[in-house]
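Colleague: Residue numbers (this note's numbering): 773 to 842.
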Amino acid sequence: MEESKYFVSKVQYDLPDENSGKIKKITEMKLVRAISVTDVEAKVTEKYQGFQHDWRITSVIESKIDEVIE
């Protein structure tokens, strides 16, 4: 079994501004523990399942973080 790593996934979605009605691009960074980019995509897709706005993964980069101490 492959060893898991940490990846930074950038997720973007459009959100209408309540006051002006203009579309605002929202970008969120997610730290994902996974074994591959494909695994990251699957985990993020599961997390955003049922999200009310259209969203997309705009990038996935392997993180230099090797451990998270809680």
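We treat Cβ as the ideally placed atom computed from N, Cα and C, and that holds for glycine.
These numbers were taken from a predicted model, which means no experiment stands behind them.
From what residue to what residue does the beta strand (DSSP E) around V812 run?
Modeller: Careful: V812 lies outside any beta strand (DSSP E), inside the alpha helix (DSSP H) at V809 to K819.
Colleague: Report the rounded CA-to-CA distance for E800 versus W827, giving the unit in angstroms.
Modeller: Roughly 11 Å between the two C-alpha positions.
Colleague: Using three-state DSSP, classify D789 as helix, strand or coil.
Modeller: Three-state result, D789: coil.
Colleague: Rounded C-beta distance between F779 and A814? I'm assuming under 8 Å.
Modeller: About 12 Å separates the two Cβ atoms, so there is no contact after all.
Colleague: CA-CA distance, E790 and E775?
Modeller: One C-alpha to the other measures close to 44 Å.
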